[in-house]
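Numbering (this note's numbering) for the sequence shown: 800 to 1119. Virtual Cβ for every residue (Gly too), placed ideally from N, Cα, C. In what follows, a single structure is set out as structure tokens and then discussed.
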Amino acid sequence: MKLLIAGGAGYIGSVLSPMLQAAGHEVNVVDLCWFGNYLPKSITVTEHDLFTVTPEDLKDYDQLIFLAGLSNDPMAEFDPAMNFIHNGALPAYLAFRAKQAGLSRFIYASSCSVYGYTVDELYDESSPTVCDYPYGISKLLGERGVLQEEGDSFSTIALRQGTVNGYSPRMRFDLIVNTMFKTALSEKKIRVNHPGIWRPLIDVRDTAAAFVRAVEADQDISGVFNVAYDNFTVGQVAEAVRDSVESLFDIEVEIETKSVSDLRNYKVSSEKARQKLGFAPVYGIEEMVQSLAAHRDFYGDFSRKEFYNIQVFKELADKF
Ligand SMILES: NC(=O)c1ccc[n+]([C@@H]2O[C@H](COP(=O)([O-])OP(=O)(O)OC[C@H]3O[C@@H](n4cnc5c(N)ncnc54)[C@H](O)[C@@H]3O)[C@@H](O)[C@H]2O)c1
């Protein structure tokens, strides 16, 4: 299969693109490389804005995977207009162009953030999406724009990912397990704002594997799929990260707990992805921490600004 990965130089794309290549697919990336480019040389990266992509550029591809846009709440809140344009309009535009160009499938990187605040219920893909914050709303907009293009010869798949964690060559330390790992090592402390809040989590290797399953799924498969390893409270995540770091590094780590409110609280079921896509995640929190620990030397003192999306984004904002 010939695949175009939009935003493929990011955190998830830097794991997914080589995985797709290893599975025998031909992979090209279009990315503005906001956070650099850590992809292997075997993958061609075209550095330009996805809004300039035309049907002519797309016509030789079989499928497009969308991993671009603004990928967290701080970026979305810093520039809500840009957020709605890149997360809502851009995927809709590209799905429209991909269908025009005759591609067979469009896969959209959605988020469980669309669910918003749910109370003690396991949400599946038919559950209400009650988010009321820019990132969640924009991911829902993007998802709807893409799914709207579904047709007999054009499959559309949206993977609603839990928070993704673990090591990627394009590293992020603004994701829950990764942040806790960082402060556990650098300050011997993990800060928890609200221990009772629920989050679905997934390792970056498992989410990449879910995209591979979506690429290779039968043509008649379309729709929305939750993809998470499991649901944890933030307090449980902190304890699991602390235990793993303590046993790997022989240090003592303190957990500092506050009681800050959070607009997001959700638990999801990934049963539909298991049944229809053969999604079978294997990496829990301990394995996420092990993968982070295995690359400890790569991070230095954790201060590189590209590890934190909002830092790079604030600097880029003047150029938009
Ligand atoms: N990381 C997570 O925990 C998570 C969870 C759920 C959903 N998602 C979604 O998955 C996708 C990928 O996440 P990530 O963590 O890899 O993000 P990331 O920020 O690391 O990567 C996004 C990439 O998109 C590129 N990009 C953005 N707008 C572009 C444009 N207009 N033209 C060309 N390139 C552009 C950036 O340069 C960057 O390399 C995002 O859509 C995000 O919303 C991520």
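In the three-state reduction of the DSSP assignment, Asp1002 falls in the strand class. When DSSP states are grouped into helix, strand and coil, Thr978 belongs to the helix group. The set of residues with CB atoms less than 5 Å from any heavy atom of ligand 1 reads, in chain order, Gly806, Ala808, Gly809, Tyr810, Ile811, Asp830, Leu831, Trp833, Asp848, Leu849, Leu866, Ala867, Gly868, Ser870, Ala908, Ser910, Gln960, Thr962 and Val963. Assigned with DSSP and collapsed to three states, Ser912 falls in helix. In terms of Cα proximity to Arg959, the closest of Phe1078, Ile1050, Glu1085 and Ile884 is Phe1078.
Per DSSP, Trp833 has no beta-bridge partner at all. Under DSSP, Arg943 shares a beta bridge with no residue.
Two segments are said to touch when three or more pairs of C-beta atoms, one from each, lie closer than 8 Å; by this definition the stretch 878-891 does not touch the stretch 922-931. Within its own chain, the residues whose Cβ lies closer than 8 Å to the Cβ of Leu802, once the five positions on either side in sequence are excluded, are Leu819, His824, Glu825, Val826, Asn827, Tyr860, Asp861, Gln862, Leu863, Ile864 and Val1014, listed in chain order. Relative to Ile936, the option among Trp833, Glu855 and Asp872 whose CA is nearest is Asp872. According to the DSSP assignment, Asn886 belongs to no alpha helix (DSSP H), since it is labelled neither H nor E.
Only residues of its own chain outside the window of five on either side were considered, and among them Gln960, Gly961, Val963, Val1026, Ala1027, Tyr1028 and Pro1080 have a CB closer than 7 Å to the CB of Ile1001, listed in chain order. Gln862 sits in a strand when the DSSP states are folded into three classes.
Phe877: not part of any beta strand (DSSP E); member of the alpha helix (DSSP H) spanning Asp872 to Phe877, first to last residue.
Remark: C-beta atoms of Ile1084 and Ala1039 approach each other more closely than 7 Å. Residue pairing by DSSP puts Gly950 in a beta bridge opposite Phe953. Arg1012 places its beta carbon 7 Å or farther from that of Leu940. In the three-state DSSP reduction, Ile1084 falls in the helix class (H, G or I). In the three-state reduction of the DSSP assignment, Phe1101 falls in the coil class. In terms of CA proximity to Glu876, Tyr932 leads the group Val918, Asn977, Tyr932 and Ala894. Secondary structure at Ala822: coil, using DSSP grouped into helix, strand and coil.
With the rule of 3 Cβ pairs closer than 8 Å, the stretch 802-813 counts as touching the stretch 828-842. With a contact defined as Cβ atoms closer than 8 Å, Gln1018 and Ser954 qualify at about 6 Å.
Boundaries of the beta strand (DSSP E) around Arg990: Lys988 to Val991.
Secondary structure of Gln899 (DSSP, three-state): helix.
Minimum Cα-Cα distance from Ser1058 among the listed residues Arg943, Gly995, Ala897 and Arg896 corresponds to Gly995. When secondary structure is reduced to three states using DSSP, Thr962 falls in the strand class. With 16 or more other Cβ atoms from the protein chains shown falling within 10 Å of its own Cβ, Arg1063 counts as buried.
Taking a cut-off of 8 Å for Cβ pairs, the stretch 1031-1048 and the stretch 1085-1093 touch, as three or more such pairs fall below it. Residues Tyr810, Asn977, Phe1106 and Asn1108 of the same chain have their beta carbon placed closer than 7 Å to that of Arg971, with the five preceding and five following residues left out of the count. Between the C-alpha atoms of Lys987 and Ile1050 there is a straight-line separation of about 8 Å.
Glu942 is positioned such that its CB atom lies closer than 7 Å to that of Ser909. Around Thr853, the same chain offers Arg896 as residues with beta carbons nearer than 8 Å, after the five sequence neighbours per side are excluded.
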